[in-house]
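Number of protein chains: 2
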Amino acid sequence: MLNAIDKKILAEVADLHEIPHGAYNIRKNGEKAGRNTTANIDIITKQDKPGIDIIVKPGTKGESVHIPVILSEGMDDLVYNTFEIGADSDVLIVAGCGIHNPGSKKAQHDGVHEFFVRKGAKMKYVEKHYGEGDGSGERILNPKTIIEVEEGGVAELEMVQIRGVDQTKRDTEVRLHKNARLIVMERLLTTTNQNAESNITVELTGEDAAAQIISRSVAQDHSTQVFHLNMRGYAQCRGHIQCDSIIMDQAKVSSIPEISAFHSDAQLIHEAAIGRIANDQLIKLMTLGLTEKEAEDMILQGFLA
Amino acid sequence: MLNAIDKKILAEVADLHEIPHGAYNIRKNGEKAGRNTTANIDIITKQDKPGIDIIVKPGTKGESVHIPVILSEGMDDLVYNTFEIGADSDVLIVAGCGIHNPGSKKAQHDGVHEFFVRKGAKMKYVEKHYGEGDGSGERILNPKTIIEVEEGGVAELEMVQIRGVDQTKRDTEVRLHKNARLIVMERLLTTTNQNAESNITVELTGEDAAAQIISRSVAQDHSTQVFHLNMRGYAQCRGHIQCDSIIMDQAKVSSIPEISAFHSDAQLIHEAAIGRIANDQLIKLMTLGLTEKEAEDMILQGFLA
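For the record, the sequence lines run as chains Y and S. Per UniProt numbering, the first sequence runs over residues 1 to 305. Per UniProt numbering, the second sequence runs over residues 1 to 305.
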């Protein structure tokens, strides 16, 4: 069912070189291409719309769920996934999407992911997006991620758009209750005429909720990027946004964050910077014998790592 | 023509304890209450709309223009002022507005100030806003400031809303040409149910243009503040926004900056923080014998100085 190209894409988006251990659900061109459940993690196909329910039992520790999606030319895929992360569990969820589009028709995947991280649970969520193919067909990915973190819960998100995605609109909404924590690492690379928009809104509603967002991006060629990173504090809480972009060639980058405090004990910080590759770093690497291009690539790799 | 209250207000908004040296134009309740011109600085009443033209001759150095406005109950004043700052001049412009409103009717001043800072000219512009009066009548100030800084010119703005302004919407638009420089220091205090909105947009259009905006605010009681600080780089340029707010009581503060780079050699940085008074500073002052209230006042004064 999975061919050589599929396997290459799975390796890119889910670090999968073979069928994963633990629970998984592989979706290929809108169809189920493989599924495994465990004693603690169930995966159930939704009856009312395309998508799955992933149910992690309370107390489940050290387990993982892989739910990669593979797409090819001409596909327009829409999926709704719901994650129930049981109280006091500690799990890893890997949810990449890779598009191999060698043709002239667009391939699009829109995913709505909704998470309930229950009391004291800890979830790490990794989402990688990747596109490839020599054709003119557009590769489009529009993920919507909604996360509710209950008391004492932790959500750690690693959201990466590696390469080759022509259009993306990423919407992420997180609500943090008492003592809940959020860590977001976003990495984005755009080239050619690609467009990327990333909107992240975090509501700190519970006492001692804390959130940290680090967003790093590189915009090359004629690509454009827009970031709306919003943090809203409704209680005694702490929030920190850091947003760094490297701009190259004829690219355009806008960073439009918003911090709003609705409580006198809300502490919110935002930092954003847009600039070119640091010249002194380039020169240092070039004196070590690298060409300018090699030095540039090395710096960009480090920046997006 | 100027009574004791007028003189107190002039002292607050223009640091004027007597009639100023140099050029001045005092506006009281929509009427001219005094004017002086010099050999290098002319002030002309506009014919087509309320307001004045201030014309600084090229090469004028070390001179100042004071154009304070005084307003009382029931007045709704709208004025258009145009400033022509001649090439290679170096001048100080002080343009405060003070409202003494003891009654129940609102008093409002809307000012549109347009500046042309010509080649190599240097302008420092100080704008202080102040309201007082025990009545229930609202004190409203809506300044609009438009500044064009030509090649090699420098505009330094000090914009302060001291106290007692119930409603304000401040719009500031600056365009910087080649080698032009902008420095903005904004200070804002709101109390009771006051609302303040400050929108600053800077366009860096010329090569080696540079801008620095530092905005500091304190929001007390039930007051609200919203900041939109936008920096747009269209050339090799540098821009830095720093926005710090202290939030107290039931106040609300939103900081919504925007940095946009449309050129790969644009370097833009934004930093924003909203938080309460640092506890260690409070404790330090209280161990020196100050009450909590005194310590708080001293910290706020230092912050807004």
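Note that CB positions come from ideal geometry on N, CA and C, so glycine has one too. Only a predicted model underlies this, so the values are computations on that prediction, with no experimental measurement involved.
Sort out for me which residues DSSP pairs residue i with in a bridge.
{"i": "V165/Y", "result": "Answer by DSSP bridge pairing: none, since V165/Y is not bridged."}
{"i": "E271/Y", "result": "Q242/Y, E271/S"}
{"i": "V94/S", "result": "H66/S, V126/S"}
{"i": "G111/S", "result": "V79/S, P143/S"}
{"i": "S217/Y", "result": "L188/Y, S245/Y"}
{"i": "Y24/Y", "result": "N36/Y, H66/Y"}
{"i": "I44/Y", "result": "D53/Y"}
{"i": "I256/Y", "result": "Paired residues: none, contrary to the question."}
{"i": "E84/Y", "result": "I55/Y, F116/Y"}
{"i": "G131/Y", "result": "I99/Y"}
{"i": "M233/S", "result": "Reading off the sequence shown, one finds Gly at residue 233/S, where the question assumed Met. Looking at the DSSP assignment, G233/S forms a beta bridge with L204/S, A261/S."}
{"i": "E31/Y", "result": "K28/Y"}
Classify residue i as helix, strand or coil using the three-state DSSP reduction.
{"i": "I19/Y", "result": "coil"}
{"i": "T38/S", "result": "coil"}
{"i": "F227/S", "result": "strand"}
{"i": "N101/S", "result": "coil"}
{"i": "I5/Y", "result": "helix"}
{"i": "E138/S", "result": "coil"}
{"i": "I283/Y", "result": "helix"}
{"i": "I299/S", "result": "helix"}
{"i": "H266/Y", "result": "Note on identity: in this sequence residue 266/Y is Ala, with His being the wrong assignment. Looking at A266/Y - three-state DSSP - the assignment turns out to be strand."}
{"i": "A278/Y", "result": "coil"}
{"i": "A261/Y", "result": "strand"}
{"i": "L304/Y", "result": "helix"}
{"i": "A121/S", "result": "coil"}
{"i": "K106/S", "result": "coil"}
{"i": "L10/S", "result": "helix"}
When you compare the CB positions of residue i and residue j, do they come within less than 8 Å of one another, or not?
{"i": "L304/Y", "j": "L189/Y", "result": "yes"}
{"i": "P257/S", "j": "H270/S", "result": "yes"}
{"i": "L182/Y", "j": "V160/Y", "result": "no"}
{"i": "I30/Y", "j": "E73/Y", "result": "The sequence shown places Gly at residue 30/Y, rather than the Ile named in the question. Their beta carbons are not under 8 Å apart, which means G30/Y does not touch E73/Y by this criterion."}
{"i": "A264/Y", "j": "I247/S", "result": "Inspection of the sequence shows that residue 264/Y is occupied by Ser rather than by Ala. A contact, by the Cβ cut-off of 8 Å."}
{"i": "E12/S", "j": "Y125/S", "result": "no"}
{"i": "A180/S", "j": "E151/S", "result": "yes"}
{"i": "C237/S", "j": "D208/S", "result": "yes"}
{"i": "D221/Y", "j": "T192/Y", "result": "yes"}
{"i": "S215/S", "j": "L204/S", "result": "no"}
{"i": "I200/S", "j": "V184/S", "result": "yes"}
{"i": "Y80/S", "j": "V117/S", "result": "no"}
{"i": "I147/S", "j": "F115/S", "result": "yes"}
{"i": "A14/S", "j": "I43/S", "result": "no"}
{"i": "Q212/S", "j": "A219/S", "result": "no"}
{"i": "I277/Y", "j": "S245/Y", "result": "no"}
{"i": "E296/S", "j": "L282/S", "result": "yes"}
{"i": "K28/Y", "j": "I70/Y", "result": "yes"}
{"i": "S260/Y", "j": "S64/S", "result": "no"}
{"i": "E132/Y", "j": "G164/Y", "result": "yes"}
{"i": "A155/Y", "j": "K119/Y", "result": "no"}
{"i": "K178/S", "j": "E197/S", "result": "no"}
{"i": "M123/Y", "j": "V91/Y", "result": "yes"}
{"i": "L268/Y", "j": "M231/Y", "result": "yes"}
{"i": "N195/S", "j": "S217/S", "result": "no"}
Worksheet item: Curious, which full-length beta strand (DSSP E) runs of at least 3 residues does the segment 49 to 74 of chain S contain?
Response: Runs found: 52 to 56, 61 to 66, 69 to 72.
Worksheet entry | Minimum length 3: unbroken beta strand (DSSP E) runs contained in the segment 146 to 212 of chain Y | Runs found: 154 to 163, 167 to 176, 181 to 190, 195 to 204.
Discussion item. For the segment 50 to 57 of chain Y against the segment 97 to 104 of chain Y, do three or more pairs of beta-carbon atoms, one drawn from each stretch, fall closer than 8 Å, so that the two count as touching?
Written reply: no
Worksheet item: Would you call the segment 33 to 49 of chain Y and the segment 60 to 76 of chain Y touching, i.e. three or more CB-CB distances under 8 Å?
Response: Segments in contact, yes.
Practice prompt. Pair every Cβ in the segment 108 to 122 of chain Y with every Cβ in the segment 135 to 155 of chain Y, then say whether three or more of these pairs are closer than 8 Å.
Written response: yes
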